[in-house]
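Everything on this sheet refers to the single structure shown next.
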Amino acid sequence: MRLGGAARRAHRWLTTSQSGLVGLALLIGVGAGLGAVVFRLLIVGITELVTGRADFSDAGRVASLHLPALGPWFLLLAPVVGGLLYGPLVQRFAPEARGHGVPEVMVAVARNGGRIPARVAIVKSLASALCIGTGGSVGREGPIVQIGSALGSSIGQWLRVPDHRLRLMVACGAAGGISATFDAPIAGVFFGLEVILRRFTAEAFGIVVISSVTANVVARAVVGEDHILTLPAYSLGSAAEFPFYAVLGLVAGAVGWGFARVLYRIEDVCDAVWRGPQWLRPAVGGLVLGGVLLALPQMYGVGYPVLEKAVAGGYAVGFLLVLLVGKVLATSLTIGIGGSGGVFAPSLFIGGMVGTAFGDVAHVAFPGLDLSPGAFGLVGMAAVFAAASHAPIAAVLIVFELTGEYSIILPLMAAVALATGLSHLIARDNIYTLKLIRRGIDIDAEAVDADRLQRLTVADVMRPAPAPVRASSGLDEVTARLAESRYGAMPVVDDEGRYLGAALAGETALDVGGQVGVAAPRAADLARRLPELTPGTSLHDALRTLTAHDATGLPVTATPGEPPIGWIDHRDVLTSYGAADPGGRPAGPR
Numbered sequence: 007m008r009l010g011g012a013a014r015r016a017h018r019w020l021t022t023s024q025s026g027l028v029g030l031a032l033l034i035g036v037g038a039g040l041g042a043v044v045f046r047l048l049i050v051g052i053t054e055l056v057t058g059r060a061d062f063s064d065a066g067r068v069a070s071l072h073l074p075a076l077g078p079w080f081l082l083l084a085p086v087v088g089g090l091l092y093g094p095l096v097q098r099f100a101p102e103a104r105g106h107g108v109p110e111v112m113v114a115v116a117r118n119g120g121r122i123p124a125r126v127a128i129v130k131s132l133a134s135a136l137c138i139g140t141g142g143s144v145g146r147e148g149p150i151v152q153i154g155s156a157l158g159s160s161i162g163q164w165l166r167v168p169d170h171r172l173r174l175m176v177a178c179g180a181a182g183g184i185s186a187t188f189d190a191p192i193a194g195v196f197f198g199l200e201v202i203l204r205r206f207t208a209e210a211f212g213i214v215v216i217s218s219v220t221a222n223v224v225a226r227a228v229v230g231e232d233h234i235l236t237l238p239a240y241s242l243g244s245a246a247e248f249p250f251y252a253v254l255g256l257v258a259g260a261v262g263w264g265f266a267r268v269l270y271r272i273e274d275v276c277d278a279v280w281r282g283p284q285w286l287r288p289a290v291g292g293l294v295l296g297g298v299l300l301a302l303p304q305m306y307g308v309g310y311p312v313l314e315k316a317v318a319g320g321y322a323v324g325f326l327l328v329l330l331v332g333k334v335l336a337t338s339l340t341i342g343i344g345g346s347g348g349v350f351a352p353s354l355f356i357g358g359m360v361g362t363a364f365g366d367v368a369h370v371a372f373p374g375l376d377l378s379p380g381a382f383g384l385v386g387m388a389a390v391f392a393a394a395s396h397a398p399i400a401a402v403l404i405v406f407e408l409t410g411e412y413s414i415i416l417p418l419m420a421a422v423a424l425a426t427g428l429s430h431l432i433a434r435d436n437i438y439t440l441k442l443i444r445r446g447i448d449i450d451a452e453a454v455d456a457d458r459l460q461r462l463t464v465a466d467v468m469r470p471a472p473a474p475v476r477a478s479s480g481l482d483e484v485t486a487r488l489a490e491s492r493y494g495a496m497p498v499v500d501d502e503g504r505y506l507g508a509a510l511a512g513e514t515a516l517d518v519g520g521q522v523g524v525a526a527p528r529a530a531d532l533a534r535r536l537p538e539l540t541p542g543t544s545l546h547d548a549l550r551t552l553t554a555h556d557a558t559g560l561p562v563t564a565t566p567g568e569p570p571i572g573w574i575d576h577r578d579v580l581t582s583y584g585a586a587d588p589g590g591r592p593a594g595p596r
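Under this note's numbering, the first residue of the sequence shown carries the number 7, and numbering increases by one thereafter.
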């Protein structure tokens, strides 16, 4: 269906103007906010259906209110039933919805121009809700990032926005999901920039902020001030506490790095053991996960009530360590058997246990300092997540926004910096990129090349356009001119100099001039419209279009429809890219 004039203008405004991009960010923010609310209600609904409670993690080893005859043994069966439901769903409709989701979004941004299939949002929400509601010990943040990102990507693909804008829209969806889920709009912004987009620009920051704030406002309007995680406020007693927070940062760095390694080591074990169909793997593996839940029911679902109780001082040091080990094991098993859910919340949970246990020990060892173990728990949450994800800014902001307590910001920043630094020293990859590296995708290495391609523009690479041929020129003249041309195409203009398109070498080879009753074609008959690039287009965006026209190259126009001012093909790109310095600047005129 062809668009009318008004529709074309509206489409052009949305896809090319800054104000149109703001409108898209607002739209994605609304969708991400509503998606986060629906996803949360879906998890609560399935959890209540299975257990009779909105959250089972703090209930203890008791029976489901709906299945009292089974006693606590329903914990052994719930993950099996859940696996039988979401296993075939994921395998049939969206295998990329398996696992914790964020790496798939990262690779979509880094390699696929931000393209994520629309079905991922639906399948991911259903699969993750079923997994968490039936006992999967994973978080809801990874799924909502993938859901929001898929929403932003789907809108962008439907509108056919350029790749660089589509990637921004994916980041908007991710930021909106985090913002609405945690009631943390600032952390949402930096998660989108630091983890998903992996670059900071003024345009990206402004647009992602709009989406994050909009999602937060929408979620608050629907559910009010009902926070999913409520943490107590603590303050820093004296400067003498800083060395303890520094040590905690180093401990958390090792724990965060170790969590990522255990997660994938257990996944490797599951891969080695399982020999059946993939759709059945979550159900069979659910028996093992159910055994963990039966022994430690606090691992059921996300576990925010258990985290709150731990930070508030509700558990002894020994049991905090049991919960720490249990969460690492339960989360790793849930992902390893093919479950769907995030590792963001488990990282916070593990950090809370590490920090609170550390604080308890330090308080007993140095009673004169009057240390607050809960404050160490809050700092440990951010530090472990930062070490696992290599996202220190988002880690600091998420805990700061959850508590609203500025007095702990200094030890929080110090511990996060040390944890991230130690994790970086031990390994370059993090809990997200490690999954991709195991699949042979190194987006950190590719980011260097992508950055250089983003810095270089078509204007840096293009060569002068071939001299145009008149529309009235005959086939022999066009063929002769093309034989001398660098490119397999040549501009065609009418007698008034208007651009009609390009004559292609592949079509002039089909000489019909000798056929009886058929007039020899003129240049005007051979003119075909090729996609037009502008001088300011980055090589990163131009390459996708060039790949489909490697035999002809593409015209470069200052104004759409006007005669070309330059021409470019893949050889020009490779030559300029190879000569560019690491900063992405071209070596100079050829």
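The beta carbon of each residue, even a glycine, is placed where N, CA and C say it ideally should be.
Pair within 9 Å by beta-carbon distance, residue i and residue j
i, j, result
"Val308", "Gly89", "no"
"Glu147", "Val126", "no"
"Phe391", "Thr362", "no"
"Pro541", "Leu560", "no"
"Arg476", "Asp448", "no"
"Leu329", "Leu82", "no"
"Met419", "Val317", "no"
"Ala85", "Gly142", "It should be noted that the sequence gives Pro, not Ala, for residue 85. Yes, Cβ-Cβ distance for Pro85 and Gly142 is below 9 Å."
"Ile343", "Arg281", "no"
"Val467", "Val331", "no"
"Asp1", "Val323", "No answer is possible for residue 1: it lies beyond the span of the chain, which begins at 7 and ends at 596."
Distance between beta carbons of residue j and residue i, contact taken as under 8 Å
i, j, result
"Ala508", "Ala526", "Ala508 to Ala526, Cβ: 19 Å. No contact."
"Phe197", "Ala181", "6 Å"
"Ile202", "Val115", "6 Å"
"Gly503", "Pro569", "7 Å"
"Gly51", "Ser70", "Between Ser70 and Gly51 the Cβ distance is about 15 Å, and since that is not below 8 Å, they are no contact."
"Leu408", "Met359", "16 Å between Cβ atoms; not a contact."
"Phe265", "Ser131", "The pair is not a contact, with the Cβ atoms about 25 Å apart (cut-off 8 Å)."
"Ser244", "Ala221", "Not quite, the Cβ-Cβ distance comes to about 39 Å (not below 8 Å), so this is no contact."
DSSP state of residue i mapped onto helix, strand, coil
i, result
"Gly480", "strand"
"Trp573", "strand"
"Thr362", "helix"
"Val606", "Residue 606 cannot be examined here, being either before or after the span of the chain that is shown, 7 to 596."
"Ala289", "helix"
"Thr565", "coil"
"Gly282", "coil"
"Ser346", "strand"
"Pro123", "coil"
"Thr22", "helix"
"Pro541", "coil"
"Arg504", "coil"
"Ala495", "strand"
"Thr553", "helix"
"Thr463", "strand"
"Arg46", "helix"
"Leu299", "helix"
"Leu536", "coil"
"Arg226", "helix"
Proximity test, Cβ basis, 9 Å: residue i and chain B
i, result
"Ala258", "Reference to chain B is not applicable here, since this structure consists of a single protein chain."
7 Å Cβ shell around residue i - same chain, five flanking residues per side excluded
i, result
"Ile34", "Leu157, Gly158, Ile161, Met175, Cys178, Gly179, Gly182, Ser217"
"Val522", "Model confidence at Val522 stands at a pLDDT of 43, short of 50, so the residue's coordinates are unreliable; what they give is reported in the following sentence. None."
"Val229", "Val43"
"Leu620", "The chain is shown from 7 up to 596; residue 620 falls before or after that span and cannot be answered."
"Leu20", "Gly26, Gly29, Leu30, Leu165"
"Leu254", "Gly361, Phe364, Phe382, Val385, Gly386, Ala389, Ala421"
"Ala260", "Leu428"
"Ile138", "Ile49, Val144, Arg146, Gly307, Val308, Gly347"
"Leu335", "Val298"
Sequence-distant residues of the same chain with beta carbon closer than 6 Å to residue i, five excluded per side
i, result
"Ile150", "Ala42, Phe45, Gly183, Thr187"
"Ala548", "Val464, Leu539"
"Arg535", "Gly507"
"Gln24", "none"
"Phe250", "Ala368"
Neighbourhood of residue i by C-beta, 8 Å cutoff - its chain only, sequence neighbours within 5 removed
i, result
"Val2", "Limits of the chain in this structure are 7 at one end and 596 at the other, which puts residue 2 out of reach."
"Val129", "Leu95, Val96, Phe99, Ala100, Ala103"
"Ala471", "Pro497, Pro561, Val562, Pro569, Pro570, Ile571, Gly572, Trp573"
"Glu54", "Ala60"
Distance cut-off 8 Å: residue i Cβ against heavy atoms of the ligand ADP
i, result
"Cys276", "The ligand ADP is not part of the structure shown, which contains no ligands of any sort."
Contiguous alpha helix (DSSP H) assignments of at least 4 residues, all confined to the segment 143-199: 147-165, 169-188, 191-197
Complete alpha helix (DSSP H) runs within the segment 48-124 (minimum length 4 residues, chain order): 80-99, 108-117
Complete runs of the alpha helix (DSSP H) confined to the segment 307-352 [at least 4 residues]: 310-317, 323-342
Contiguous alpha helix (DSSP H) assignments of at least 4 residues, all confined to the segment 247-279: 248-279
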